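Asks:
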Amino acid sequence: MPDGMTEIPVRFTLNGAEAEAAVAPRMPLIDLLRGEFGLTGTKRSCDAQVCGACAVLLDGQPVSSCTLPAFEARGKAVLTVEGLAADERSAPLTEAFVNNAAFQCGFCTPGMLLAAKALLDADPAPSEETIKDALSGNVCRCTGYKKIVEAVEEAAEAMR
Amino acid sequence: MTEREFRTVGKAVRRVDADDKLSGRAQFTGDMSVPGMAFAKLVPSPLPHARIVRVDAARARAMPGVYAVLTADELVNMETRYGSDKKDRPVVAMDKVRFQGEPVAAVAAVDLATAEAAAELVEVEYEELPVVSGIDAALDWRGEPVHESNLCHEYGYEWGDVDAAFRNCDRVFEDTFTFPMVYHYAMEPHVCIASYEPGRIRLWTSAQHPFLVQAEIARLFRLQLDQVQVVVPFVGGGYGSKSYTKIEPLVAALSREAGRPARLALSVEEAMRTVRRHAAKATIRTGVMNDGTIIARDCVGYVDTGGYTDNGVRVTERLADRMPGPYAIPHVRVKSYGLFTNSTPAGSYRSIGGPQAVWACESQMDVIAHALGLDPFEFRVKNLVPQGEEVRRGKRPIEGDLEAALRSVADAFGWEASRERAASERTSGPADGGVKRGVGFACAVTNSGASPTSTSLARLHADGSATVFIGSAEMGQGSRSAMAQIAAEEMRIPYEKVRVVASDTAAVPWDRSTGSSRSTTLMGLAVQGAGADIREQLLRLAAEHFEAFPDEIDAEDGQASFKGETVAFSALVREMFGGSGGELIGRGYVTPKHPSGKLRQDPVFWEVSIGAAEVEVDTATGEVRLLRYYSVSDPGKAINPKQVEGQDEGAAMQAIGHTLLEEMLYEDGQLLNPNLVDYRVPLFTDLPGEFETVLLETGNGPGPYGAKGVGEGGIVCVAPAVANAVFDATGARVSSLPLTPERVWRALREQQDA
């Protein structure tokens with residue numbers, strides 16, 4: 001920490017549990033999650049809010065944790081892929097990804113699952129077009145997208 | 161005896177990495193930490209071509225928290241240059257820089273912020289040189305060349321009497337097509353942790369070819385192979401970008417200098433200055449008879465390999481191999497040239513040289529069909545190489561029935577009906593006539609498989625579970641799962657009982673590489689061999705147990721049976737060792753002399769690629785919308801059909817990128833769009849309304865159960881199929897990619913003016 005910079009105390013909910021940290025003003029949320037909390041499921045890729053690999057849910061909404069200052073999490077609920085995976089209610093979503101071959105290298109998968117969860121929480125019966133629009137902030141370079149759309153459709157049906 | 165049914169092969173089993181990858185637990189190189197490791201930052205050259213006059217790292221070295229600065233001066237007591245075919249790439253730039261972003265130095269520090277700050281303090285004085293920009297400039301160059309000359313490699317072949325044949329043709333066509341530089345965008349940029357210790361180097365890296373990296377590092381640092389360990393955790397996408405050796409030598413040298421492990425994680429911008437696909441220019445001259453018979457073809461191709469060779473030699477050759485197309489042509493001449501320019505070095509990218517070659521070949525096929533008044537589909541069918549005949553003289557004959565494959569895609573797509581519908585809509589269409597529809601087709605075969613050399617080990621444990629050891633890197637293609645399936649099938653144990661250990665050179669036996677669609681075929685054969693070795697051992701043990709002959713024993717589901725009695729494999733293993741423990745070890749070798757006899761000829765197999773596209777072109781704006789795309793994938797035997805489809809769809813989507821969107825833009829050697837905002841890759845919203853893979857299982861591959869590789873075929877035909885559809889819709893021929901609205905609009909204007 002260079003001189004003259006004050007760390008900001010941050011209390012927030014992380015994957016359902018109370019969390020506390022002191023962060024530098026410009027520390028992005030991803031560094032807090034990966035560095036301080038060891039939650040390496042959140043991935044860094046484009047650093048430009050295009051790819052969605054770093055997406056986490058902030059009060060249920062997808063955000064790019066590579067650019068969001070960590071202090072913005074103050075008083076809010078952060079959900080990462082580790083939290084999603086631990087929540088049985090999300091099992092139909094992850095299982096749909098398995099059944100439909102909706103992941104390959106897995107680097108985009110954490111952000112993709114979280115963006116899909118946010119969509120399904122808001123719209124339990126999304127159309128194909130709605131799914132494509134809702135996930136257009138998440139890049140997958142492996143699958144060609146079709147199987148992810150099919151997985152989200154299957155998950156929507158299973159969760160209804 | 162009835163044929164045994166497969167238990168796991170051919171089924172869409174749950175991937176062995178599913179739980180890790182869906183929970184965030186999957187460990188990629190960037191998720192790892194080694195005690196005491198330093199964080200590294202590159203000092204990139206801002207100039208594309210310059211002599212290095214002086215590097216002064218004194219201020220950077222003096223900065224608190226800096227462990228080391230690596231410059232060319234530190235490259236002592238080691239070899240200094242590396243490369244897969246030509247050792248022309250220095251570990252850090254020596255004497256001169258050849259592309260913008262070339263590392264001139266690297267800093268290792270206590271944390272990344274310190275490394276970044278120190279990198280800014282490294283002073284480099286340059287003497288600028290004229291910049292070689294692109295293929296045309298490289299060919300006609302009078303200034304200082306990039307290397308000793310701008311020629312990296314040349315290649316060619318010929319059969320028949322080409323010049324005489326052209327004189328006897330009814331028509332001769334000559335067309336030139338260009339293909340842009342594109343970037344893989346593996347979502348995980350290159351990342352490496354190196355630990356240099358006396359007499360030993362350990363590397364954790366995002367590499368596709370761990371054993372080639374091991375050999376390169378051993379050579380550079382003058383060590384034996386056993387002194388270099390390369391571990392490849394999960395790889396966040398490869399597509400060729402992590403082939404051969406990339407940042408590993410620099411990180412190892414930096415670790416040596418720092419006296420501690422060092423970690424370098426590139427940004428996307430740095431990755432775009434590490435590797436890309438070769439831009440290309442191809443001119444094809446084709447002589448035909450009026451009935452559509454192709455008589456002669458003369459192809460000249462150039463690829464731009466950038467500042468260093470990287471994989472430029474092979475790409476130059478593959479471009480040439482793939483340019484004449486899957487056609488029976490009596491007179492052929494092909495020449496290809498790889499050229500150095502001042503840009504990011506170009507390496508492997510999914511089907512090396514393939515999309516470039518097929519873009520030219522299959523675009524011209526449509527030009528010819530149109531000029532002769534033939535259906536472009538039937539024109540292709542008429543000229544296809546028949547099954548069992550050579551498509552390249554002296555190479556393996558085509559193992560598949562290409563015409564049947566083409567017809568299967570045309571049928572699924574509804575080629576004739578779609579073509580007629582689009583044509584009738586164009587003539588009787590809406591009054592404004594602004595949006596026009598068209599359909600296009602393309603086909604190709606690509607020589608795949610690289611070298612037929614792999615090994616594998618399998619261990620059947622005392623409880624009946626098994627571990628299989630493979631060299632393949634898991635970069636999404638699902639190799640660990642496919643190998644678990646093959647091993648389970650051969651050992652006659654359930655898929656769920658197999659664990660796969662992969663891509664750690666200290667733990668697994670040697671493999672050449674993960675690329676060229678080779679793993680299922682070649683590592684698959686090695687695993688099949690290792691699994692069969694264990695099965696044979698089990699049968700011998702069971703024969704002893706039952707006092708019978710091995711061929712009287714049935715083995716299935718983890719147990720052996722004879723005349724109604726059964727014994728578990730686990731019991732057989734324990735019996736052999738006379739106690740509670742022990743295990744069986746099986747091995748599989750794959751060499752060109754493999755006992756199947758199927759690996760003697762080059763290539764290992766021909767990968768079939770076919771594409772049918774329907775587009776809508778807005779003639780007012782030039783915008784192309786891809787409405788439908790049909791592809792084919794022939795895995796011979798699909799070990800896991802869902803994953804085969806996924807490979808094909810993913811490849812086709814990457815091709816939609818280079819067809820409609822992607823292009824690295826350079827001006828005077830400066831990369832103008834080094835980020836994902838300005839370099840646009842396909843998104844969900846670019847998914848065509850119909851996006852289908854026709855899965856053929858012809859059973860004619862050299863791999864296990866008749867399997868052969870997939871994964872590259874899907875990327876090859878999209879661009880020409882789409883451009884041919886644009887032509888069908890509008891009559892405008894675009895000869896450069898990507899088909900941006902501006903490019904298409906200009907072609908439409910030229911068409912109107914003509």
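Chains as they are written, first to last, in my numbering: chain E, 1 to 160; chain Y, 161 to 914.
Ideal Cβ placement from N, Cα and C applies to all residues, glycine included.
All values reported here derive from a predicted model rather than from experimental measurement.
1) I'd like to know whether the C-beta of A85 (chain E) is nearer than 8 angstroms to at least one C-beta of chain Y.
2) Whole beta strand (DSSP E) runs in the segment 856-894 of chain Y with 3 or more residues, listed along the chain?
3) Could you confirm whether any beta carbon from chain Y is found closer than 8 angstroms to the beta carbon of T6 (chain E)?
4) Can you give me the C-alpha to C-alpha distance between A222 (chain Y) and M824 (chain Y), rounded to a whole angstrom?
5) If we count Cβ pairs, one from each stretch, closer than 8 angstroms, do we get three or more for the segment 447-461 of chain Y versus the segment 319-329 of chain Y?
6) Ignoring anything shorter than 4 residues or poking outside the segment 671-720 of chain Y, list the alpha helix (DSSP H) runs there in chain order.
7) Which residue comes first and which comes last in the alpha helix (DSSP H) that contains N109 (chain E)?
8) So for S293 (chain Y), helix, strand or coil by DSSP?
9) Which partner residues does F105 (chain Y) have in the DSSP bridge list?
10) Closer than 8 angstroms by C-beta to A591 (chain Y): which residues in its own chain qualify, once you throw out the five before and the five after it? Chain order, please.
11) Relative to chain E, which residues along the segment 824-849 of chain Y have a C-beta separation below 7 angstroms, given in chain order?
12) By how many angstroms is the C-alpha of R160 (chain E) removed from the C-alpha of T779 (chain Y)?
13) Name the residue from Y:V870, Y:E822 and Y:A731 whose alpha carbon lies nearest to the alpha carbon of I799 (chain Y).
14) Find out if the Cβ-Cβ distance for the pair P880 (chain Y), I646 (chain Y) is shorter than 8 angstroms.
15) For S415 (chain Y), report the span of its beta strand (DSSP E) as first-last.
16) Under 9 angstroms, CB to CB, which of the residues in the segment 107-124 of chain E have a partner in chain Y?
17) Closest by CA to A867 (chain Y), which one among Y:S677, Y:A278 and Y:A520?
18) Ignore the nearest five residues each way along the sequence and tell me which others in A642 (chain Y)'s own chain have a CB closer than 8 angstroms to its CB.
19) Expressed to the nearest angstrom, what Euclidean distance is found between the alpha-carbon atoms of T900 (chain Y) and P486 (chain Y)?
20) Please check the pair L57 (chain E) and A73 (chain E), which I expect to be a contact at CB under 8 angstroms, by giving their CB distance rounded to whole angstroms.
21) I'd like to know if E809 (chain Y) contacts chain E, where contact means its C-beta is closer than 8 angstroms to some C-beta of that chain.
22) Could you tell me the alpha carbon to alpha carbon distance between L383 (chain Y) and I377 (chain Y), rounded to whole angstroms?
23) Since R360 (chain Y) sits in a beta bridge, which residues does DSSP pair it with?
24) Using three-state DSSP, classify F12 (chain E) as helix, strand or coil.
25) Applying the criterion that 16 or more other CB atoms from any shown protein chain within 10 Å of the CB defines a buried residue, is V213 (chain Y) buried or exposed?
26) So M347 (chain Y) and F107 (chain E) are supposed to be a Cβ contact under 8 angstroms. How far apart are they, rounded?
27) Quick one: what's N607 (chain Y) bridged to in DSSP?
28) Is Q61 (chain E) close to chain Y? Criterion is C-beta to C-beta, closer than 8 angstroms.
29) Just to confirm the assignment, what range does the beta strand (DSSP E) spanning K441 (chain Y) have?
30) Determine the chain Y residues that contact E82 (chain E) at a beta-carbon separation under 9 angstroms, and present them in chain order.
31) Excluding sequence positions up to five away, which residues of its chain have a Cβ less than 6 angstroms from the Cβ of S721 (chain Y)?
32) Given a cut-off of 8 angstroms on the beta-carbon distance, is the pair T405 (chain Y) and T613 (chain Y) in contact?
33) Under three-state DSSP, which class holds A591 (chain Y)?
34) For the alpha helix (DSSP H) containing I646 (chain Y), list its first residue and its last residue.
35) Please report whether the beta-carbon of V395 (chain Y) lies at a distance below 8 angstroms from any beta-carbon of chain E.
36) DSSP three-state label for T853 (chain Y), please.
Replies: Answer, in terms of the structure:
1) At a cut-off of 8 angstroms, the C-beta of A85 (chain E) has a neighbouring C-beta in chain Y.
2) none
3) no
4) Cα to Cα, A222 (chain Y) sits roughly 38 angstroms from M824 (chain Y).
5) yes
6) 684-706
7) The sequence as given places Thr at residue 109 (chain E); Asn does not occur at that position. Counting along the chain, the alpha helix (DSSP H) containing T109 (chain E) begins and ends at T109 to A122.
8) coil
9) Nothing about residue 105 (chain Y) can be reported from this structure: the residues present for chain Y run from 161 to 914 only.
10) Low local confidence applies: a pLDDT of 48 at A591 (chain Y) is under 50, so the model's placement there is unreliable, with the coordinate-based value given in what follows. Within the same chain, no Cβ atom closer than 8 angstroms to the Cβ of A591 (chain Y) is found once the five residues on either side in sequence are excluded.
11) N835, L836, V837, V841, L843, F844, T845 and L847
12) 44 angstroms
13) With distances taken between Cα atoms, I799 (chain Y) lies closest to Y:V870.
14) no
15) Segment E408 to A418 is the alpha helix (DSSP H) holding S415 (chain Y); no beta strand (DSSP E) there.
16) F107, C108, T109, P110 and L113
17) For the set Y:S677, Y:A278 and Y:A520, the Cα lying nearest the Cα of A867 (chain Y) is the one of Y:S677.
18) S679, T680, G684, I799, N800 and Q803
19) 29 angstroms
20) The Cβ separation is near 11 angstroms, so there is no contact.
21) yes
22) 8 angstroms
23) DSSP output for R360 (chain Y) lists Y:E357 as bridge partner(s).
24) strand
25) exposed
26) 4 angstroms
27) Y:W766
28) no
29) A439 to V448
30) S183, G184 and R185
31) D714
32) T613 (chain Y) is positioned such that its CB atom lies no closer than 8 angstroms to that of T405 (chain Y).
33) In this prediction, A591 (chain Y) scores a pLDDT of 48, lower than 50, which makes its location untrustworthy; the coordinate-derived value is nonetheless stated afterwards. The answer is coil: DSSP assigns A591 (chain Y) none of H, G, I, E or B.
34) S639 to M651
35) yes
36) strand
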